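A.B. asks: Structure in structure tokens, see below.
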Amino acid sequence: RSFDLESDAFFAGQGVSGPCTGLPSFSYAAWAVNVTVTGYGAVGGLKAWGFGGTEPNASIINYSSSISPAVANGLILTGCYACADDITVKTFGSATHIIIDVVGYFRPAGVQNAATTRFAGFTTSVGAGSYSFVLGGTCPAGTTLIGGELDFLTGGNVMIGEMARFSSTQMRFWAVNQDGGVNNAVGYSVCQDTPIVIQ
């Protein structure tokens, strides 16, 4: 049987009948739960897994009539991200009632301010039939260097011989000019704003 943990829960014993409060309306990636089995009459077991996933070989609880009338286990279950249901449970052997108590949930970290910006270095003149190093601009504090670009402002028979990090905040390019005249080049360091995790 599959359960939508956000909306399938009821609190009849507490005088409330309706969905859980405090849980997200969106299905997240994993759940922390306490699972209790009760009302069984013989040997059996319970499996649980993320909705739509593969049934595991291992059980989460085993029970029999010779042990306590209720057995519980706390665990973390992988859910089903953005699905209609969250988890699936299945008994083998004796049938049982189950109680699923949601302790918490795990959600992907959100990010803000992750824009990418190019920072230009100084214009560098590369002589005819020659080559030169060209530096990109320096990534400012609060950003991370993730790549670079080289633009030739003039000329057609020009190319990048190599691109590498010059420092942790700046790219460097090996600009090759095979034209018959001087060509100007500008290097860019591509910098990404450091993501801010939403707690």
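All the letters of the sequence shown, read from the start, carry residue numbers 63 to 261 under this note's numbering. Glycine included, every Cβ here is placed at the ideal spot set by N, Cα and C. Values in this document were obtained by computation on a predicted structure and should not be read as measured data.
#1: By DSSP, does glutamine 232 sit in helix, in strand, or in coil?
#2: Kindly list the residues whose CB is nearer than 6 Å to the CB of serine 126, restricted to its own chain and excluding five residues on each side of it in sequence; keep chain order.
#3: How would you write the range of the beta strand (DSSP E) that serine 156 sits in, first residue to last?
#4: Within 10 angstroms of its Cβ, does glycine 75 collect 16 or more other Cβ (buried), or is it exposed?
#5: Hey, leucine 212 and phenylalanine 235 are a contact pair by Cβ (cut 8 Å); roughly how many whole angstroms apart?
#6: DSSP on arginine 169, reduced to helix/strand/coil?
#7: Can you list, in chain order, the residues of its chain with a C-beta nearer than 6 Å to that of threonine 231? Leave out the 5 residues immediately preceding and following it.
#8: Pull up the CB-CB distance for isoleucine 123 and valine 97, whole angstroms please, since I reckon it's below 8 Å.
#9: Could you give the distance in angstroms between the alpha-carbon of tyrosine 250 and the alpha-carbon of glycine 223?
#10: With DSSP collapsed to three states, give me the class of valine 151.
#11: Please name the residue in Ile149, Met221, Ile162 whose C-alpha comes closest to that of glycine 114.
#12: Could you tell me how far apart the beta carbons of aspartate 156 and glycine 103 are, in whole angstroms, since I believe they sit closer than 8 Å?
#13: Considering only the alpha carbon of each residue, which of Ala120, Val238, Leu139 lies closest to leucine 67?
#14: Find out if the Cβ-Cβ distance for the pair glycine 210, valine 252 is shorter than 8 Å.
#15: CA-CA distance, serine 192 and alanine 247?
#16: With burial defined as no fewer than 16 other Cβ atoms inside 10 Å of the residue's Cβ, what is the status of alanine 110: buried or exposed?
#17: Taking all protein chains shown into account, decide if threonine 185 is buried (16 or more other Cβ within 10 angstroms of its Cβ) or exposed.
#18: Considering only residues of the same chain and omitting the five flanking positions on each side of serine 121, which have a CB-CB separation below 7 Å?
#19: Would you please state the rounded distance, in angstroms, between the beta carbons of arginine 63 and valine 151? I believe it to be under 8 Å.
#20: Can you name the residues that DSSP bridges to asparagine 245?
#21: Quick one: what's got a C-beta closer than 6 Å to glutamine 261's C-beta in the same chain, skipping five residues either side?
C.D. replies: From the atom records:
#1: Per DSSP, reduced to three states, the secondary structure at glutamine 232 is strand.
#2: Same-chain partners within the cutoff: Val105.
#3: Annotation: serine 156 is outside any beta strand (DSSP E) and is labelled neither H nor E by DSSP.
#4: Low per-residue confidence applies at glycine 75: pLDDT is 49, beneath 50, and the placement is therefore not dependable enough to give any value.
#5: Contact between leucine 212 and phenylalanine 235 holds: their C-beta atoms lie close to 4 Å from each other, under 8 Å.
#6: Coil at arginine 169, not helix or strand.
#7: Answer for threonine 231: Thr200, Cys201, Leu207, listed in chain order.
#8: The pair is a contact, with the Cβ atoms about 6 Å apart (cut-off 8 Å).
#9: Taking the Cα positions, tyrosine 250 is about 15 Å away from glycine 223.
#10: Of the three classes helix, strand and coil, the one that applies to valine 151 here is strand, per DSSP.
#11: Minimum Cα-Cα distance from glycine 114 among the listed residues Ile149, Met221, Ile162 corresponds to Ile149.
#12: Note that residue 156 corresponds to serine in the displayed sequence, not to aspartate. Confirmed, Cβ separation roughly 6 Å.
#13: Nearest C-alpha to leucine 67: Leu139.
#14: In this structure, valine 252 lies closer than 8 Å to glycine 210 by Cβ.
#15: Taking the straight line joining both Cα atoms gives about 13 Å.
#16: Buried, by the Cβ-count rule.
#17: Taking all protein chains shown into account, threonine 185 has fewer than 16 neighbouring C-beta atoms within 10 Å of its C-beta and is therefore exposed.
#18: Cβ neighbours of serine 121 beyond the five flanking positions: Gly107, Leu108, Lys109.
#19: So it is a contact: roughly 6 Å between Cβ atoms.
#20: DSSP output for asparagine 245 lists Val188 as bridge partner(s).
#21: For glutamine 261, the predicted model reports a pLDDT of 47, less than 50, meaning its position is unreliable; a value from the coordinates is still stated below. Closer than 6 Å at Cβ, skipping near neighbours: no residue.
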